[in-house]
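One rule links them: number in my numbering = place in the sequence shown (from 1) + 132.
The C-beta atom is built at its ideal place from N, Cα and C for all residues, glycine as well.
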Amino acid sequence: ELKGDWRSVFRRLGAIEAITVEDVQRVAQNTFRRSNRTVAMIKTTDDEQQPTTAAN
């Protein structure tokens with residue numbers, strides 16, 4: 133979050149630099165779970181025609 137005092141970015145650099153690969157992997161495993169995903173398949177119907185030429 134970057135709002136408020138612009139100098140807060142520099143105060144947070146130490147915390148950002150302290151993030152490890154293991155931290156990122158742990159967060160990714162908790163966030164990107166099979167039970168937490170949504171899959172959508174979008175396709176046109178038969179009555180919708182795709183343009184045959186590029187629009188100008």
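{"Query": "Between residue 150 and residue 144, what straight-line distance do the alpha-carbon atoms span, to the nearest angstrom?", "Result": "10 Å"}
{"Query": "Determine the DSSP secondary structure at residue 148, reduced to helix, strand or coil.", "Result": "helix"}
{"Query": "For the alpha helix (DSSP H) that contains residue 162, what are its first and last residues?", "Result": "153 to 163"}
{"Query": "Distance cutoff 8 Å, beta carbons only. Does residue 135 sit that close to anything in chain D?", "Result": "In summary, chain D is missing from the structure at hand, where a single protein chain is found."}
{"Query": "Quick one: grab the DSSP three-state call for residue 141.", "Result": "helix"}
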